[in-house]
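These notes concern the structure reproduced below.
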Amino acid sequence: MNSTIRTQALALLKRFYGYSSFRPGQAEIIEAVASGRDALALMPTGGGKSLCYQLPALLCESGVCVVISPLIALMDDQVSALIANGIPAAAVHSNRPDEEVREALEQTRLGRVKLLYTSPERFVADLPAWSRSLPIRLVAIDEAHCISQWGHDFRPVYTELAHIKAQLPGVPVVALTATADRLTRDDIVKQLALRDPFLWTGSFDRPNISIEVSPDPGKARRISRVCELVRKYPDDSGIVYCLSRAKAEAMTAALRLQGVNAACYHAGMPAAAREESQRAFVNGDVSVVCATVAFGMGIDKSNIRWVVHNNMPANIESYYQEIGRAGRDGLPAEAVMFHSVGDIITLRRFIDDSDSSRRGINTEKLARMQAFVDSAVCRRRMLLSYFNEEKVRDCGNCDVCRSAPLRFDGTVAVQKALSAVVRTECRTGAFMLRDILRGADRHDIRARGFDRIRTFGAGADMSAAEWNYYISQMIQLGLLDVAYDDNNRLRPTPYGMRVLRGDERVMLAKYVERQSEPRRARNSGATADERHGTASLLSRLKAVRRAEAARLKMPPYLIFSDASLEDMARRRPHTPEEFLEVSGAGEAKTARFGRIFMDAIRAFEGAGFNL
Ligand code: ADP
Ligand code: ZN
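Position 481 of the sequence shown, counted from 1, bears residue number 481 in the numbering used here, the numbering being contiguous throughout.
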């Protein structure tokens with residue numbers, strides 16, 4: 001890196017953000033952009049994209065960086081975070097009163113705002129005026145994948161950003177995204193007409209997130225799994241993603257019955273209730289949000305420790321983005337997904353109801369998702385290869401790595417199921433098939449006379465969860481076909497018929513019931529005493545943060561992230577100089593919050609906890 005830019009950038013990083021080094025890619029992107037080049041930055045969620053345009057903005061002596069972001073909540077959050085760090089920033093969007101918008105634009109015109117956040121709609125509408133009246137030095141486009149039809153989250157208004165380069169000649173444009181395969185990347189560059197852009201593809205690997213994918217073990221087990229996570233991380237929080245509003249509500253209710261402090265979030269709720277759920281989550285007043293995919297974009301909370309997918313997500317991009325909300329502070333985090341045939345059926349229906357131009361792409365993306373859940377190779381390798389990133393070693397931190405699935409000759413089980421399908425003349429779906437095999441007492445089974453076929457009860461030796469898993473594998477392996485256009489009835493494929501006749505054998509992955517794991521200590525390297533000392537100081541510091549957040553009516557993580565508090569608990573600063581050494585403590589935060597945290601540290605040590 002150009003050495004003057006590097007020195008300046010590092011000094012600003014320390015002074016405003018309290019960090020002493022750049023994350024991978026940040027320095028390179030900042031240099032490119034600060035020297036006037038367009039750039040496309042691909043970094044995983046939590047990789048530190050914001051600094052890639054905020055620091056170039058700080059490096060400019062005058063003028064403003066306009067940041068286009070599709071999410072109002074995120075804009076407001078970023079503006080608050082910048083202001084907390086002593087950087088003048090403002091947001092202009094439809095939720096701000098006209099008066100404030102006028103004031104923000106006036107301040108920007110006068111060169112008093114370094115970062116101006118706005119929505120794509122607003123930007124597109126106002127660019128002709130802004131290009132004359134505002135001193136725009138840089139444009140940053142967040143969530144840039146929204147411009148591409150190939151992405152999973154195409155937004156038509158983004159395509160109008162294609163004219164930026166023509167309307168703002170000479171102004172560098174930096175596009176940022178956390179999810180884009182190769183096709184989408186090329187499309188972003190083309191559509192935005194970026195000129196010889198600097199390309200950075202950061203590693204998408206998030207090794208701190210452990211990945212677990214398992215066939216649906218039934219409602220009771222799913223709920224108890226979530227409760228386990230809540231108990232394991234009592235100070236932190238998690239998200240349960242559900243496929244439907246009804247499921248999100250049911251999950252919220254079920255968790256509350258277990259004494260878990262849970263809130264619900266979906267697009268069908270009144271705006272005020274939705275905002276309240278989000279606020280409570282962000283401020284740490286509830287520990288779990290049960291939500292549809294509508295939740296999460298724009299949530300910048302760093303201490304989300306786990307994400308549970310109660311159902312299979314629609315595509316790998318969404319899945320990776322959603323699990324990426326956990327562990328943004330780099331500390332260990334967990335992603336758990338449950339999937340079932342029922343999910344695939346629901347997702348198929350969503351696709352059928354979607355815009356016809358998107359159906360082909362969405363079907364393809366769902367197929368990749370199905371392949372992922374059924375895969376017996378390291379989950380992380382598969383995910384990274386989806387994003388065209390090579391990983392040569394197994395990760396050791398996913399369910400497949402932890403226990404290679406036991407395979408067994410499942411021919412007999414498969415034959416029982418196929419035979420039942422044939423004997424019911426292909427008039428059953430997956431769940432009825434399971435219940436026929438298990439000999440369940442269901443009136444619709446009796447009404448159709450399926451309790452009199454020879455295979456009724458032939459699979460009673462296996463649990464419902466086992467059959468769900470095996471039937472789902474039979475679909476994935478191409479033994480059974482689902483008639484999505486005919487009530488999701490099952491039909492044997494020609495391959496299935498060969499197995500039924502005994503011409504071929506089939507191996508299945510064995511269903512293994514998960515055992516609950518004992519709570520693991522996080523800092524396994526430290527001695528028990530040290531762990532105890534640091535941990536109890538940490539919870540003191542968290543209490544201080546909570547109280548201060550309540551007093552200032554701001555989300556706790558805007559004061560300090562968990563990673564900062566952990567660093568503080570380890571370093572135990574006693575002077576402002578020492579406090580500045582804490583990761584995440586820049587000048588503004590040290591001046592504002594240093595004293596109360598140092599007081600807490602002193603009080604803690606005075607109370608005899610000093611080890
Ligand atoms: P993204 O937008 O890529 O998801 P953010 O820009 O929000 O990520 O950064 C994620 C977190 O990492 C934030 O809490 C941010 O303060 C922190 N962070 C960013 N850059 C650094 C750095 N160089 N050193 C330490 N922490 C950083
Ligand atoms: Zn793995």
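Ideal Cβ positions, reconstructed from N, Cα and C, are used throughout, including at glycine.
**Prompt:** Of all the alpha helix (DSSP H) runs that stay within the bounds of the segment 120-181, which reach a length of 4 or more residues?
**Reply:** 120-133, 156-159, 164-167
**Asked** Any idea if residue 524 is buried or exposed, counting beta-carbon neighbours within 10 angstroms, 16 or more meaning buried?
**Response** Numbered from 1 along the sequence shown, position 524 holds the residue referred to as residue 524. Because the pLDDT at residue 524 is just 42, under 50, the model does not fix this residue reliably, and the value given afterwards should be weighed accordingly. Exposed.
**Asked** Whose CA, out of 550, 589, 577, 553, lies closest to the CA of residue 564?
**Response** For this step, residue 564 is matched to residue 564 along the sequence shown. Taking only the C-alpha atoms, the option nearest residue 564 is 589.
**Request:** Entirely within the segment 181-209 and at least 3 residues each: give me those beta strand (DSSP E) ranges in chain order.
**Result:** 198-201
**Asked** Less than 7 Å between the CB of residue 598 and some heavy atom of the ligand ADP, yes or no?
**Response** One-based indexing of the sequence shown puts residue 598 at position 598. Incorrect: residue 598 has no Cβ contact closer than 7 Å to the ligand ADP.
**Request:** Determine the DSSP secondary structure at residue 443, reduced to helix, strand or coil.
**Result:** In the sequence shown, counting from the first residue as 1, residue 443 sits at position 443. Here residue 443 sits in helix by DSSP.
**Asked** So is the beta-carbon of residue 457 under 7 Å away from any non-hydrogen atom of the ligand ZN?
**Response** Numbered from its first residue, the sequence shown carries residue 457 at position 457. No, since every heavy atom of the ligand ZN falls outside the 7 Å radius drawn around the Cβ of residue 457.
**Item:** Any non-hydrogen atom of the ligand ADP within 7 Å of residue 26 CB
**Value:** Taking the first residue of the sequence shown as 1, we reach residue 26 at position 26. Yes, Cβ of residue 26 sits closer than 7 Å to a heavy atom of the ligand ADP.
**Request:** Give me the Cβ distance between residue 574 and residue 598, rounded to the nearest whole Å; I'm assuming they're in contact under 8 Å.
**Result:** Within the sequence shown, numbered from 1, the residue matching residue 574 stands at position 574. Within the sequence shown, numbered from 1, the residue matching residue 598 stands at position 598. About 6 Å; that satisfies the 8 Å criterion.
**Asked** Which of the three DSSP states, helix, strand or coil, is assigned to residue 67?
**Response** By 1-based counting over the sequence shown, the position of residue 67 is 67. Here residue 67 sits in strand by DSSP.
**For residue 11 and residue 77, the rounded distance between their alpha carbons** = To locate residue 77, count along the sequence shown from 1; it is residue 77. To locate residue 11, count along the sequence shown from 1; it is residue 11. The alpha-carbon atoms of residue 77 and residue 11 are separated by roughly 24 Å.
**Message:** For a test of the three-state rule: what should DSSP assign to residue 60, helix, strand or coil?
**Reply:** What you label residue 60 is simply residue 60 of the sequence shown in a count that begins at 1. Reduced to three states, the DSSP call for residue 60 is coil.
**Prompt:** Mind checking whether the beta-carbon of residue 23 lies closer than 7 Å to any heavy atom of the ligand ADP?
**Reply:** The count along the sequence shown starts at 1 and reaches residue 23 at position 23. Flag set: Cβ of residue 23 near the ligand ADP.
**Prompt:** From residue 116 to residue 559, what distance separates their C-alpha atoms?
**Reply:** For the purposes of this step, residue 116 is taken as residue 116 along the sequence shown, with counting starting at 1. For the purposes of this step, residue 559 is taken as residue 559 along the sequence shown, with counting starting at 1. Looking at the two C-alpha atoms, the distance is approximately 22 Å.
**Message:** Tell me the DSSP secondary structure of residue 41 in three-state form.
**Reply:** On the sequence shown, position 41 is the one that residue 41 refers to. In this structure, residue 41 counts as strand in the three-state DSSP scheme.
**Pair within 8 Å by beta-carbon distance, residue 19 and residue 584** = Looking up residue 19 in the sequence shown gives position 19. Looking up residue 584 in the sequence shown gives position 584. A contact, by the Cβ cut-off of 8 Å.
**Prompt:** Looking at residue 335 and residue 239, is the spacing between their C-beta atoms short of 8 Å?
**Reply:** Indexing the sequence shown from 1 puts residue 239 at position 239. Indexing the sequence shown from 1 puts residue 335 at position 335. Not a contact, by the Cβ cut-off of 8 Å.
**Item:** Spatially closest choice to residue 61 from 102, 490, 138, by CA coordinates
**Value:** For the purposes of this step, residue 61 is taken as residue 61 along the sequence shown, with counting starting at 1. The shortest C-alpha separation from residue 61 is found at 138.
**Request:** Report yes if the C-beta of residue 264 is less than 7 Å from at least one heavy atom of the ligand ZN; otherwise report no.
**Result:** Taking the first residue of the sequence shown as position 1, residue 264 is located at position 264. No; taking the cut-off as 7 Å, the Cβ of residue 264 has no heavy atom of the ligand ZN nearer than that.
**Asked** How about residue 282 and residue 304: are their beta carbons less than 8 Å apart?
**Response** Against the sequence shown, residue 282 aligns to sequence position 282. Against the sequence shown, residue 304 aligns to sequence position 304. Going by C-beta atoms, residue 282 is not nearer than 8 Å to residue 304.
**Request:** Please report the Cβ distance between residue 439 and residue 457, rounded to the nearest whole angstrom; I am assuming they are in contact, meaning their Cβ atoms lie under 8 Å.
**Result:** Numbered from its first residue, the sequence shown carries residue 439 at position 439. Numbered from its first residue, the sequence shown carries residue 457 at position 457. That pair is a contact at about 3 Å.
**Request:** Return the CA-CA distance between residue 280 and residue 286, expressed in angstroms with no decimal places.
**Result:** The sequence position of residue 280 within the sequence shown is 280, counting from 1. The sequence position of residue 286 within the sequence shown is 286, counting from 1. Taking the straight line from one Cα to the other gives about 6 Å.
**Request:** List the endpoints of the continuous beta strand (DSSP E) containing residue 353.
**Result:** Counted from its first residue, the sequence shown places residue 353 at position 353. Element bounds for residue 353: not the beta strand (DSSP E) but the alpha helix (DSSP H), 341-353.
**Asked** Which residues mark the beginning and the end of the alpha helix (DSSP H) in which residue 565 is found?
**Response** Here residue 565 refers to the residue found at position 565 of the sequence shown. It spans 562-571 - the alpha helix (DSSP H) in which residue 565 sits, taken as one unbroken run.
**Prompt:** So is residue 41 buried or exposed if we call it buried at 16+ other beta carbons inside 10 Å?
**Reply:** Here residue 41 refers to the residue found at position 41 of the sequence shown. Looking at its Cβ environment, which holds 16 or more other Cβ atoms inside 10 Å, residue 41 is buried.
**Asked** Within 7 Å: the Cβ of residue 285 and any heavy atom of the ligand ZN?
**Response** Residue 285 sits at position 285 when you count from the first residue of the sequence shown. For the ligand ZN, not one heavy atom lies less than 7 Å from the Cβ of residue 285.
**Close beta carbons around residue 591, own chain, < 7 Å, minus the five adjacent residues each side** = Within the sequence shown, the letter at position 591 stands for residue 591. Counting only Cβ-Cβ distances below 7 Å, and skipping sequence neighbours, we find nothing.
**Same chain, Cβ closer than 7 Å to residue 520, neighbours up to 5 away in sequence not counted** = As a position in the sequence shown, residue 520 is number 520, starting the count at 1. With a pLDDT of only 41 at residue 520, under 50, the local geometry of the prediction cannot be trusted, and no value is derived from it.
**Asked** Taking Cβ positions, are residue 572 and residue 581 nearer each other than 8 Å?
**Response** Indexing the sequence shown from 1 puts residue 572 at position 572. Indexing the sequence shown from 1 puts residue 581 at position 581. The answer is no: Cβ separation not under 8 Å.
**Asked** When the distance is taken between beta carbons, is residue 83 closer than 8 Å to residue 16?
**Response** In the sequence shown, residue 16 corresponds to position 16, counting from 1. In the sequence shown, residue 83 corresponds to position 83, counting from 1. Not a contact, by the Cβ cut-off of 8 Å.
**Prompt:** Would the C-beta of residue 379 count as close to the ligand ZN, meaning under 7 Å from any of its heavy atoms?
**Reply:** Here residue 379 refers to the residue found at position 379 when the sequence shown is read from its first residue. Yes, the Cβ of residue 379 comes within 7 Å of a heavy atom of the ligand ZN.
**Item:** Uninterrupted beta strand (DSSP E) stretches inside the segment 246-300 (no shorter than 3 residues)
**Value:** 262-265, 288-291
**Request:** For residue 526, collect the residues of the same chain with a Cβ closer than 6 Å to its Cβ; drop the 5 residues on either side in sequence, then sort them by chain order.
**Result:** Reading the sequence shown from its first residue, position 526 is the one you call residue 526. With a pLDDT of 49 at residue 526, under the threshold of 50, the predicted position of this residue should be treated as unreliable, though the coordinate-derived value follows. Once the five neighbours on either side are set aside, residue 526 has no close Cβ partner at all.
**Asked** Does the Cβ of residue 396 lie closer than 7 Å to at least one heavy atom of the ligand ZN?
**Response** Counting from 1 along the sequence shown, the entry for residue 396 is found at position 396. Yes.
**Message:** Quick check on DSSP: helix, strand or coil for residue 494?
**Reply:** Within the sequence shown, the letter at position 494 stands for residue 494. Note: residue 494 maps to helix in three-state DSSP.
**6 Å Cβ shell around residue 506 - same chain, five flanking residues per side excluded** = Numbered from its first residue, the sequence shown carries residue 506 at position 506. Once the five neighbours on either side are set aside, the close Cβ partners of residue 506 are 410, 411, 414, 499.
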